[in-house]
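Novice:
And the structure:
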């Protein structure tokens, strides 16, 4: 198991994220990547993550660590708060870029002090915001930052803001090279410590109930010597414990070494000293009442402080810079520290000035200090609790700052270097051709008798154009209008360039119309005209059906037909689409939206701020109204029976999913929002026609993965072969019927009047 853990760590640090994270990340942009190195940072992030999730549950948060202990604790403590936990990649450009391309974050958060130049630089190149939270620079690392300030200054130009714990930390970050105007004092997240909701682990609680110690001393986060010949805190604690037990009966010592690698060594020390002890990892089933509980586990210490009479905080006798004293202070417990609290200097000084801390200068003073506080703790713990309580509220403030930064991010991870070198010149040729075609077409535009409203996009597909066209046709029909839809019928299998007209309420085979036209035909809200020449198709529809308004599907680049308005869609999940084809999937540069009458940001969550994207759009089009839309799942439809069930109450839980869309991320995100995590999924090309052999393979793989049902989209259901239900049997296929939800919809509809 240990070898497997190390293999996983190495592979992830080379940028190969687990498949589960790859699947989660492929739902598109708009994620948060939070990097917490150590166990302590993971614990300090719990309440922050809880508040982030409560504010915007649709936003996925990924947490990275660099240690095995941190990874294990994160997986245990952050369950339900994150979309995944992984080892951070080595700070090398290709590894960092691979992680950024997979996760596509809008925001990267660095906890405390991790200055990784490549991660910082590549985060900004990928369009994400970068924030340092709970920042601090210790006494031991400050000289190194000052010596190499020319190096760190370049990296520290990248964060959008650095939120530090104290004024002294702010001064140190500025000395290290951070721009002064981006450094802010935000307080310490650890002040907002909350005991674990589950409380003390049941086994430990049962152990304490059985042994009934009269007093409990906790020695927390003890460490090995910082240098040869230095103080071994475990030795100091064991010696002090033997000294105290000679005076106080019924004392239980809970000894919690800082590093898991020390557990065996500390157990050997207890045995050598002749101290009766029991290890947490052995189940606490030892007979009798041991004198020491060796807490060789992770994440269980915080809840135990409530039961302590006295706490000694490790890392303070050995020259380790100290550890967090706020957790025992939260419970009002008297705390003893040694002379080394450099990493928490401001907190230690405030507690010392408030007579809320017991300081000792040497290991030999530990026993007398414990004995003194056991006999007469006074009001030390009460004062400690008062100070800790007065500093709370940092997490809520930081969470809001993170959301502000998140809303500024526009995910656009860079392509691989080889792709950029080869495809960028080709994208220049595409741009030149686009500009030439635009100039020629505008001069020869033709106009239909009735107004034309174009619904299109900058990107080639998957932005949600066809669902919006169908939705608007329904709204026009409800308002008493007689709408018609013009579409090219992409990938229809009817030879030649003939025009196909389908009257509202009538049907036509998919091979004649193409799959997207079928969605309009099935909805029955508009007449549908399919043809390569939309002007000729429109003329025939005017003669046949007398429509009073046309909706031009995917028409933003169809310049040959004049239109009254151009509605342009931008995908919130992938707003920049990787650039202009073939480097990305944009048909033209983003400045093309200057021609838009209105802009619709599709796949936009209700709680999304999108301030960065809005600013970018306004740079290219300062006047067009901007709307937000999102998919509104309506019902699951059984392919065989046609029975509909509510989208949020499906008749299945374990599903396999497949789709052939221009942007499959939108479908995966919809499934995720509905609480469905496919056990298997497949992606096919846009407009993919499904053959019997492919469906046989889908059914076999879904069955092997334990799926109860297969799910797909309406567009994919239309592209199934006739024998699909029989081939997939006994698995039932359900397709998702969707609608579109538009903020301020009535204002958008005024364009059609």
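Residue numbers (this note's numbering): 969 to 1721. We put the beta carbon where it would ideally sit given N, CA and C, even for glycine. All values reported here derive from a predicted model rather than from experimental measurement.
By how many angstroms is the C-alpha of residue 1642 removed from the C-alpha of residue 1529?
Specialist: Against the chain shown, residue 1529 aligns to sequence position 561. Against the chain shown, residue 1642 aligns to sequence position 674. Approximately 40 Å, taken between the alpha carbons.
Novice: Can you name the residues that DSSP bridges to residue 1685?
Specialist: Looking up residue 1685 in the chain shown gives position 717. DSSP output for residue 1685 lists no bridge partner at all.
Novice: Counting Cβ pairs, one atom from each stretch, are 3 or more of them under 8 Å apart for the stretch 1511-1519 and the stretch 1403-1420?
Specialist: With the cut-off at 8 Å, the stretch 1511-1519 and the stretch 1403-1420 touch.
Novice: Counting Cβ pairs, one atom from each stretch, are 3 or more of them under 8 Å apart for the stretch 1220-1231 and the stretch 1300-1308?
Specialist: With the cut-off at 8 Å, the stretch 1220-1231 and the stretch 1300-1308 do not touch.
Novice: If I'm right that residue 1295 touches residue 1273 with Cβ under 8 Å, what's the distance once you round it to whole angstroms?
Specialist: Your numbering for residue 1295 matches position 327 in the chain shown. Your numbering for residue 1273 matches position 305 in the chain shown. Right, the Cβ-Cβ distance comes to about 6 Å (below 8 Å), so this counts as a contact.
Novice: Looking only at its chain, what residues have a beta carbon closer than 8 Å to the beta carbon of residue 1143, apart from the 5 residues adjacent to it on each side?
Specialist: Sequence index remark: in the chain shown, residue 1143 carries index 175 (1-based). Correct list, in chain order: 1110, 1113, 1114 and 1117.
Novice: Output the boundary residues of the alpha helix (DSSP H) element that contains residue 1150.
Specialist: Along the chain shown, read from residue 1 onward, the residue named residue 1150 stands at position 182. Unbroken run through residue 1150: none, as it is neither H nor E.
Novice: May I have the straight-line CA-CA distance separating residue 1199 from residue 1286, to the nearest angstrom?
Specialist: The count along the chain shown starts at 1 and reaches residue 1199 at position 231. The count along the chain shown starts at 1 and reaches residue 1286 at position 318. Roughly 5 Å between the two C-alpha positions.
Novice: Assuming residue 1534 contacts residue 1565 (C-beta within less than 8 Å), just tell me the rounded distance between them.
Specialist: Here residue 1534 is taken as the residue at index 566 of the chain shown, counted from 1. Here residue 1565 is taken as the residue at index 597 of the chain shown, counted from 1. Right, the Cβ-Cβ distance comes to about 5 Å (below 8 Å), so this counts as a contact.
Novice: Taking buried to mean at least 16 other C-beta atoms within 10 Å of its own C-beta, is residue 1609 buried or exposed?
Specialist: Position 641 of the chain shown, counted from the start, is the residue given in the question as residue 1609. With fewer than 16 Cβ atoms within 10 Å of its Cβ, residue 1609 is classed as exposed.
Novice: Taking the alpha-carbon positions, what's the residue 1525 to residue 1455 distance?
Specialist: As a first step, residue 1525 is located in the chain shown; it is residue number 557 there, counting from the start. As a first step, residue 1455 is located in the chain shown; it is residue number 487 there, counting from the start. Distance between the alpha carbons of residue 1525 and residue 1455 is about 13 Å.
Novice: Cβ atoms of residue 1627 and residue 1651: under 8 Å apart, would you say?
Specialist: As a working note, residue 1651 is residue 683 in the chain shown. As a working note, residue 1627 is residue 659 in the chain shown. Cβ distance < 8 Å, so residue 1651 and residue 1627 count as in contact.
Novice: Can you tell me which of 1694, 1170 and 1677 puts its alpha carbon nearest to the alpha carbon of residue 1703?
Specialist: In the chain shown, residue 1703 corresponds to position 735, counting from 1. Of 1694, 1170 and 1677, the residue nearest in Cα terms is 1677.
Novice: Please report the distance separating the alpha-carbon of residue 1430 from that of residue 1489.
Specialist: If you number the chain shown from 1, residue 1430 lands on position 462. If you number the chain shown from 1, residue 1489 lands on position 521. Cα to Cα, the separation comes out at about 20 Å.
Novice: Are the CB atoms of residue 1269 and residue 1247 within a distance shorter than 8 Å?
Specialist: Taking the chain shown and counting its residues from 1, the one referred to as residue 1247 is at position 279. Taking the chain shown and counting its residues from 1, the one referred to as residue 1269 is at position 301. For residue 1247 and residue 1269, no; Cβs fall outside 8 Å.
Novice: How big is the Cα-Cα spacing for residue 1415 and residue 1597?
Specialist: As a working mapping, residue 1415 is identified with position 447 in the chain shown. As a working mapping, residue 1597 is identified with position 629 in the chain shown. About 30 Å.
Novice: Which residue wins for smallest C-alpha separation from residue 1195, given the options 1283, 1120, 1260 and 1451?
Specialist: Stepping through the chain shown from its first residue, residue 1195 is reached at position 227. Of the candidates 1283, 1120, 1260 and 1451, the one whose C-alpha sits nearest the C-alpha of residue 1195 is 1283.
Novice: Are there 16 or more other CB atoms within 10 angstroms of the CB of residue 1413, so buried, or fewer, so exposed?
Specialist: Position 445 of the chain shown holds residue 1413. Per the 10 Å Cβ criterion, exposed.
Novice: Measuring alpha carbon to alpha carbon, tell me which of 1094, 1696, 1620 and 1020 ends up nearest residue 1646.
Specialist: Taking the first residue of the chain shown as position 1, residue 1646 is located at position 678. For the residues 1094, 1696, 1620 and 1020, the minimum Cα distance to residue 1646 belongs to 1620.
Novice: Where does residue 1127 sit, in a helix, a strand or coil, going by DSSP?
Specialist: Your numbering for residue 1127 matches position 159 in the chain shown. If DSSP states are grouped into helix, strand and coil, residue 1127 belongs with coil.
Novice: The beta strand (DSSP E) with residue 1378 in it runs from where to where?
Specialist: Stepping through the chain shown from its first residue, residue 1378 is reached at position 410. Segment: none, residue 1378 is in no beta strand (DSSP E) and carries neither H nor E.
Novice: From residue 1383 to residue 1367, what does the alpha carbon distance come to, in whole angstroms?
Specialist: Mapped onto the chain shown, residue 1383 falls at position 415. Mapped onto the chain shown, residue 1367 falls at position 399. Cα to Cα, the separation comes out at about 31 Å.
Novice: Given a threshold of 16 other Cβ atoms within 10 Å of its Cβ, counted over all protein chains shown, does residue 1191 qualify as buried or as exposed?
Specialist: Start at 1 with the first residue of the chain shown, and residue 1191 comes out as number 223. Buried is the call here.
Novice: Given residue 1288, which residues of its chain have a CB within under 7 Å of its CB, disregarding the five upstream and five downstream residues?
Specialist: In the chain shown, the residue the question calls residue 1288 occupies position 320. So the qualifying residues of the chain are 1191, 1194 and 1308.
Novice: Starting from residue 1722, trace the alpha helix (DSSP H) both ways and give me its first and last residue.
Specialist: Given a span of 969 to 1721 for the chain in the structure shown, any question on residue 1722 remains unanswerable.
Novice: Which residue marks the beginning of the alpha helix (DSSP H) containing residue 1580, and which one marks its end?
Specialist: As a first step, residue 1580 is located in the chain shown; it is residue number 612 there, counting from the start. Residues 1579-1588.
Novice: To which residues of the same chain is residue 1098 closer than 7 Å at the C-beta, ignoring the five residues directly before and after it?
Specialist: Along the chain shown, read from residue 1 onward, the residue named residue 1098 stands at position 130. Counting only Cβ-Cβ distances below 7 Å, and skipping sequence neighbours, we find 1076, 1088, 1091, 1092, 1126, 1127 and 1128.
Novice: Determine the closest residue to residue 1370 out of 1027, 1399 and 1213, with distance taken between C-alpha atoms.
Specialist: Walking along the chain shown from the start, residue 1370 turns up at place 402. The option with the nearest alpha carbon to residue 1370 is 1027.
Novice: How would you label residue 1685, buried or exposed, when you count the other beta carbons within 10 angstroms and need 16 or more for buried?
Specialist: Counting from 1 along the chain shown, the entry for residue 1685 is found at position 717. With 16 or more Cβ atoms within 10 Å of its Cβ, residue 1685 is classed as buried.
Novice: Excluding the five sequence neighbours on either side, which residues of its own chain have a C-beta within less than 8 Å of the C-beta of residue 1323, listed in chain order?
Specialist: Along the chain shown, one-based indexing puts residue 1323 at 355. Hits under 8 Å: 1348 and 1351.
Novice: Among the residues of its own chain, which have a CB less than 8 Å from the CB of residue 1038, if the five just before and after it don't count?
Specialist: Locating residue 1038 in the chain shown gives position 70, where the first residue counts as 1. Hits under 8 Å: 1004, 1005, 1006, 1007, 1009 and 1010.
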